[in-house]
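A.B. asks: I have a structure here, written as structure tokens, and I will follow up with some questions on it.
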Amino acid sequence: MANTKTDEKLQKIAKDLLESGEVNLIIGYTKGSNPQRMRPVFITKPEEVVKLTFSSNAVQDLAVFLKKQEVKKYGKIGITVKGCDEKAVNALIQEYQLSRDNIKIIGMQCNGVIKQSLADKGETKVSETTVYDKCLICQEHTPVLYDFLVETEEPELSISGNVKPYAEIEKLEAMSAEEKNAYWAKEFDKCIKCYACRQACPLCFCSRCIVEKNMPQWIDTNSEEPGNAQWNLIRAYHLSGRCIGCGECERACPVNIPLMLINEKMARDVYNLFGYKSGLDINAKPVFGVFSENDFNDFIK
Amino acid sequence: MSRIGVFVCWCGSNIASTVDVEKVREEAAKIPGVVSAVDYKYMCSDPGQNSLRNVIKEKNLTGVVLAACSPHMHENTFRKAAVKEGLNPYFVEIANIREQVSWVHEDKERATAKAVDLMKMMVEKVKRDKPIEDVRVPLNKKALVIGGGISGIQAALDIANGGVEVILVEKEPSIGGRMIQLDETFPTLDCSSCIMTPKMVEANQHPNIKLYTYSEIEDVSGYIGNFKVKIKKKARSVVEKDCTGCGECWNACPMHKNVKSEFNLNLSERTAIYVPFPQAVPLVPVLDRSVCLHFKKGGKCQKCFDACGPKCIDFSMQDEIIEETVGAIVAATGYDLMETSMYGEYGYGKYKDVVSGLQFERLLSASGPTEGVIKRPSDGKTPQTIVFVQCVGSRDPEKGVPYCSKVCCMYTAKHAKLFAHKVHGSQSYVFYIDIRSTSKGYEEFVRGTMEQDGAVYLRGRVSKIYEDNGKLIVKGADTLSGNQVEIAADMVVLATGVIPKKGSDKLAQMLGISYDKYGFLTESHPKLRPAESSTAGIYLAGMAQGPRDIPESVVSGSAAASKILGLFSKSEYEVEGTISSVNEATCVACFYCQRVCAYNAITRKEIKDRSGNVVKVVASVNPGLCTGCGACVNACFSKSIDVKGFMDDQIYAEIKSLAV
Numbered sequence: 000m001a002n003t004k005t006d007e008k009l010q011k012i013a014k015d016l017l018e019s020g021e022v023n024l025i026i027g028y029t030k031g032s033n034p035q036r037m038r039p040v041f042i043t044k045p046e047e048v049v050k051l052t053f054s055s056n057a058v059q060d061l062a063v064f065l066k067k068q069e070v071k072k073y074g075k076i077g078i079t080v081k082g083c084d085e086k087a088v089n090a091l092i093q094e095y096q097l098s099r100d101n102i103k104i105i106g107m108q109c110n111g112v113i114k115q116s117l118a119d120k121g122e123t124k125v126s127e128t129t130v131y132d133k134c135l136i137c138q139e140h141t142p143v144l145y146d147f148l149v150e151t152e153e154p155e156l157s158i159s160g161n162v163k164p165y166a167e168i169e170k171l172e173a174m175s176a177e178e179k180n181a182y183w184a185k186e187f188d189k190c191i192k193c194y195a196c197r198q199a200c201p202l203c204f205c206s207r208c209i210v211e212k213n214m215p216q217w218i219d220t221n222s223e224e225p226g227n228a229q230w231n232l233i234r235a236y237h238l239s240g241r242c243i244g245c246g247e248c249e250r251a252c253p254v255n256i257p258l259m260l261i262n263e264k265m266a267r268d269v270y271n272l273f274g275y276k277s278g279l280d281i282n283a284k285p286v287f288g289v290f291s292e293n294d295f296n297d298f299i300k
Numbered sequence: 000m001s002r003i004g005v006f007v008c009w010c011g012s013n014i015a016s017t018v019d020v021e022k023v024r025e026e027a028a029k030i031p032g033v034v035s036a037v038d039y040k041y042m043c044s045d046p047g048q049n050s051l052r053n054v055i056k057e058k059n060l061t062g063v064v065l066a067a068c069s070p071h072m073h074e075n076t077f078r079k080a081a082v083k084e085g086l087n088p089y090f091v092e093i094a095n096i097r098e099q100v101s102w103v104h105e106d107k108e109r110a111t112a113k114a115v116d117l118m119k120m121m122v123e124k125v126k127r128d129k130p131i132e133d134v135r136v137p138l139n140k141k142a143l144v145i146g147g148g149i150s151g152i153q154a155a156l157d158i159a160n161g162g163v164e165v166i167l168v169e170k171e172p173s174i175g176g177r178m179i180q181l182d183e184t185f186p187t188l189d190c191s192s193c194i195m196t197p198k199m200v201e202a203n204q205h206p207n208i209k210l211y212t213y214s215e216i217e218d219v220s221g222y223i224g225n226f227k228v229k230i231k232k233k234a235r236s237v238v239e240k241d242c243t244g245c246g247e248c249w250n251a252c253p254m255h256k257n258v259k260s261e262f263n264l265n266l267s268e269r270t271a272i273y274v275p276f277p278q279a280v281p282l283v284p285v286l287d288r289s290v291c292l293h294f295k296k297g298g299k300c301q302k303c304f305d306a307c308g309p310k311c312i313d314f315s316m317q318d319e320i321i322e323e324t325v326g327a328i329v330a331a332t333g334y335d336l337m338e339t340s341m342y343g344e345y346g347y348g349k350y351k352d353v354v355s356g357l358q359f360e361r362l363l364s365a366s367g368p369t370e371g372v373i374k375r376p377s378d379g380k381t382p383q384t385i386v387f388v389q390c391v392g393s394r395d396p397e398k399g400v401p402y403c404s405k406v407c408c409m410y411t412a413k414h415a416k417l418f419a420h421k422v423h424g425s426q427s428y429v430f431y432i433d434i435r436s437t438s439k440g441y442e443e444f445v446r447g448t449m450e451q452d453g454a455v456y457l458r459g460r461v462s463k464i465y466e467d468n469g470k471l472i473v474k475g476a477d478t479l480s481g482n483q484v485e486i487a488a489d490m491v492v493l494a495t496g497v498i499p500k501k502g503s504d505k506l507a508q509m510l511g512i513s514y515d516k517y518g519f520l521t522e523s524h525p526k527l528r529p530a531e532s533s534t535a536g537i538y539l540a541g542m543a544q545g546p547r548d549i550p551e552s553v554v555s556g557s558a559a560a561s562k563i564l565g566l567f568s569k570s571e572y573e574v575e576g577t578i579s580s581v582n583e584a585t586c587v588a589c590f591y592c593q594r595v596c597a598y599n600a601i602t603r604k605e606i607k608d609r610s611g612n613v614v615k616v617v618a619s620v621n622p623g624l625c626t627g628c629g630a631c632v633n634a635c636f637s638k639s640i641d642v643k644g645f646m647d648d649q650i651y652a653e654i655k656s657l658a659v
């Protein structure tokens, strides 16, 4: 199949970066086992850049690899990122996990990625019914920070408003505490403690996760209550004000816990209370790392 | 194997009347690891402490739990007793069953159950205690005093006389502060400058005092014993060491009558190159570049330069940053007077003869704009009738501040008295809310103003002041007689309230010390630690803490000095060992701990391999700064930071002890 203009441009940028020695590694997407699937690819040689491609099937957030020691050892790295994923890069810089000097950001304009479940069934069209919820609320179709920008050839995503992203949140907000507890008890009951959510998350970068601390063991590790709720709620708290909404945890979850409902709700609350959105500014202080006299304190009665 | 002793205190009836202390003792005895449980009427008494020591010795205890009052009260008492028996002081834990139980609950049964729970938690905690060594911090035996008013000067002199080097920093061109602006001082009527100038001169000449005037604090970092201070010495345009203070320069300056004198509160003029007042220390002029013709007209005018004998005027002088390392700091930043613009009805600013109390001081002062002859600003005539209005801004939560400015009652009485002494046959009226004259000789002083000097005191407030036919008509209420009064006065003096010095909040932020909602610096404890700030090694003095008179300011300066001399009498400073420590193996250097640390105690540490390559960056705790507050522990996602004595496993065991 002939390369699209997008791919040509992407490959040229990657080739130049590798040839000039500005980066030692490019993380990008390549064709997967079927036409509607893409998988990550790690390129160190200029001649291999032909493998790089991008389309509305580039679902995975590749920023997750930036936390890995195997990747870090390359030093200077180039990465292909959509607007949502790029926010993870910013958040990693904000939290000192990455130096801006060590990363070349190849920003990919994106008008939405197709839900993998639909793509597997042959869906190829980007529309409000085929993309992820995160795409419907996306404000960063063009990444907020990049060294190179690759424009999209896709038509703009038209949003009629008929599809309500994260519609469950409003339903949950209307529930009583008992109903909410029952809802989440049912969801968390499914959890098998595989920690795929953590592994897929670009911002879960602790080398020893709190769940692995066993003296004392704060979180029960068997996949039953109360350990399941402990795990999922603590993870949600650890990501509040930090989650950039890439949705990888939910996509990775083998038992389909709607984790993005928690993350999105947290993000909305943080924005309403503190006016902060994660990953938009590498120079911003993370919201829970600052104290402001103007912080709300209505909860002190 | 733990060998724990539990000691339940009755605190007389304080605890025993609400908590069944015997039941607490019985429950303690059942806990595995508890080898001794006793109850006693007063554990803090000598016999109580002796019994504690005896049990430690006889039962060879590895840990002690006292179910007693707040650790604030007697933790140290019991720690010392334990240390005498060879136990690490941190093996003593307190279950607070007084402030947290008996004093706040009524139902004896439930209170007892809570007391048992608190005791159980502490038993589990003490089982997991590890010996902690206090941290010793070296001391740089040099002090910084910020503010050259009376309290700052007093502090500097006392420290210097104790044999310690002092750096005294003053924002204005001269030291002396507010006190040097005053005429005579209550209640003894000694001349302020007569008693102040010798102190200023002494401070300037003291071999242990380094004086920086016209200088500001630019930055402060570090901790007790080791503060790094950056001082900005503003460009004076005059070389201090060469200047003789002869005055040729300001006599030559063509900018006469153009610039209002700050020192005389706009009641007179000064030149562009000037000393604020004749007794200034150091007697070295400052060139005010914002008005100097040399700077405004492209270097043409240099009359001062030409007139200067030793040629010490330097138009090219730059601001200079001086770095000093000190072990302790005194913040004596002083006060300002409140604006009175919110009292439009008093006409301050509109009528020239309505002046503030401090302006009136300048009119009284022999070194003031009228050389001590009271002349009203509008036409220079000597007033025959003056109305004094107290509490302008003070004690007025609506328009001003709710607090009392403390000195106004006294200085108004002094003003009225001096007015009577200087202008014979004159009459003064004082509007007041209450008279506050509580120090030695104060009440007699006010009485004298009323009875000997004939000041008429009217209890009530002024509603309006307006000008009519060359007179100021003051309308007010005399609430004691219930009449409205109207006085035709030649002058009105407003006793404006006291507020913290402008910019002192910024300085407090730089120093990392707390201040109240008005901006006054707050003490570590309002009663028992009045000279200490909330940060170790930083002390407070003078009006920066709140309204006070001269003797109190002097006392507070001396108090701060004595604290510093006490601190410096030791070779090292001991910090409680209950501070944070980082697990470097699991730290991922996200530095949330650093972001939330209010004490700047977290720094970056690079771990290097043998050949010097950085293999890892981790957070590191500066023991001199850490207070063990635990904010970092909460912020750490991977639980890689812990406070010694409050370790994760201890907290966990405490919580678990409650799970039935």
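So the sequences go chain by chain: A and Z.
Read in order, the letters of the first sequence are residues 0 to 300 in numbering that gives the first Met the number 0.
Read in order, the letters of the second sequence are residues 0 to 659 in numbering that gives the first Met the number 0.
Ideal Cβ placement from N, Cα and C applies to all residues, glycine included.
Does the beta-carbon of residue 295 of chain A have 16 or more other beta-carbons within 10 angstroms, so that it is buried, or is it exposed?
C.D. replies: exposed
A.B. asks: Check the Cβ of residue 122 of chain Z against every Cβ in chain A and list those closer than 9 Å, keeping chain order.
C.D. replies: Near residue 122 of chain Z there are no residues of chain A at all, since even the closest Cβ is about 17 Å away, more than 9 Å.
A.B. asks: Using 8 Å for Cβ pairs, my map puts residue 414 of chain Z next to residue 354 of chain Z. What's the rounded Cβ distance?
C.D. replies: The Cβ separation is near 10 Å, so there is no contact.
A.B. asks: What is the DSSP secondary structure of residue 360 of chain Z, counted as helix, strand or coil?
C.D. replies: helix
A.B. asks: Can residue 368 of chain Z and residue 300 of chain Z be called in contact, C-beta distance under 8 Å?
C.D. replies: no
A.B. asks: Rounded to a whole number of angstroms, what is the C-alpha to C-alpha distance between residue 611 of chain Z and residue 557 of chain Z?
C.D. replies: Straight-line Cα distance between these residues: approximately 50 Å.
A.B. asks: Which word fits residue 134 of chain A, buried or exposed, when buried means at least 16 other C-beta atoms lie within 10 angstroms of its C-beta?
C.D. replies: buried
A.B. asks: Does DSSP put residue 254 of chain A in a helix, a strand or coil?
C.D. replies: coil
A.B. asks: Which partner residues of residue 185 of chain A appear in the DSSP bridge assignment?
C.D. replies: Paired residues: none, contrary to the question.
A.B. asks: Taking 8 Å as the CB-CB cut-off, is residue 288 of chain Z touching chain A?
C.D. replies: no
A.B. asks: Between residue 645 of chain Z and chain A, is any beta-carbon pair separated by less than 8 Å?
C.D. replies: Residue contact check for residue 645 of chain Z against chain A: no CB pair falls below 8 Å.
A.B. asks: Indicate whether residue 159 of chain Z and residue 207 of chain Z have their beta-carbon atoms separated by less than 8 Å.
C.D. replies: yes
A.B. asks: Using 8 Å as the limit for Cβ to Cβ distance, is residue 226 of chain Z near chain A?
C.D. replies: no
A.B. asks: Kindly list, in the order they appear in chain Z, the residues whose Cβ is closer than 7 Å to that of residue 214 of chain A.
C.D. replies: 648
A.B. asks: Can you tell me whether DSSP reads residue 420 of chain Z as helix, strand or coil?
C.D. replies: helix
A.B. asks: Taking its Cβ as the centre, do 16 or more other Cβ atoms sit within 10 Å of residue 57 of chain A, making it buried, or is it exposed?
C.D. replies: In summary, residue 57 of chain A is buried, with 16 or more beta-carbon neighbours lying within 10 Å of its beta-carbon over all protein chains present.
A.B. asks: Using a Cβ-Cβ cut-off of 6 Å (strictly less than) and excluding sequence neighbours within five positions of residue 286 of chain Z, which residues of its own chain qualify?
C.D. replies: Contacts found: 236 and 272.
A.B. asks: With 8 Å as the C-beta to C-beta threshold (strictly closer), list the residues of the stretch 284–295 of chain A near chain Z in chain order.
C.D. replies: 284, 285, 287, 288, 289 and 290
A.B. asks: Can you tell me where the beta strand (DSSP E) with residue 306 of chain A in it begins and where it stops?
C.D. replies: Any question about residue 306 of chain A goes unanswered here, given that chain A covers just 0 to 300.
A.B. asks: Got a sec: is the Cβ-Cβ distance from residue 207 of chain A to anything in chain Z below 8 Å?
C.D. replies: yes
A.B. asks: Would you call residue 446 of chain Z buried or exposed, if buried means 16 or more other Cβ atoms sit within 10 Å of its Cβ?
C.D. replies: exposed
A.B. asks: Can you tell me whether residue 0 of chain A is buried or exposed? The criterion is at least 16 other CB atoms within 10 Å of its CB, across all chains shown.
C.D. replies: Confidence is the limiting factor: at residue 0 of chain A the pLDDT is only 40, short of 50, which leaves the residue's position unreliable and the question unanswerable from this model.
A.B. asks: Look at the alpha carbon of residue 92 of chain Z and the alpha carbon of residue 126 of chain Z, and state the distance between them as a whole number of angstroms.
C.D. replies: 10 Å
A.B. asks: Quick check: is the beta carbon of residue 587 of chain Z nearer than 8 Å to any beta carbon in chain A?
C.D. replies: yes
A.B. asks: So within the stretch 327–375 of chain Z, which uninterrupted alpha helix (DSSP H) runs reach at least 4 residues, ignoring any that extend past its ends?
C.D. replies: 356–363
A.B. asks: When DSSP labels each residue in this structure, what does residue 52 of chain A get in the three-state scheme?
C.D. replies: strand
A.B. asks: So is residue 186 of chain A in contact with chain Z if we call contact Cβ pairs under 8 Å?
C.D. replies: no
A.B. asks: In three-state DSSP terms, what is residue 294 of chain Z?
C.D. replies: helix
A.B. asks: Could you tell me whether the Cβ of residue 435 of chain Z comes closer than 8 Å to any Cβ of chain A?
C.D. replies: no
A.B. asks: Do three or more CB pairs link the stretch 460–467 of chain Z to the stretch 338–347 of chain Z at distances below 8 Å?
C.D. replies: yes
A.B. asks: Against chain Z, does residue 0 of chain A count as a neighbour if the rule is that its beta carbon must be under 8 Å from one of theirs?
C.D. replies: Interpretation of residue 0 of chain A is limited by its pLDDT of 40, a score under 50 that renders its predicted location unreliable; the figure taken from the coordinates is listed afterwards. Not an interface residue.
A.B. asks: Could you pull the DSSP bridge partners for residue 524 of chain Z from this structure?
C.D. replies: Per DSSP, the beta bridge partners of residue 524 of chain Z are Z/528.
A.B. asks: Given that a residue counts as buried once 16 or more other Cβ atoms are within 10 Å of its Cβ, and exposed if not, what is residue 128 of chain A?
C.D. replies: exposed
A.B. asks: Sort A/181, A/86 and A/44 by Cα distance to residue 11 of chain A and report the nearest one.
C.D. replies: A/44
A.B. asks: Considering residue 218 of chain Z, what are the terminal residues of the beta strand (DSSP E) in which it resides?
C.D. replies: DSSP places residue 218 of chain Z inside the beta strand (DSSP E), whose first and last residues are 214–222.
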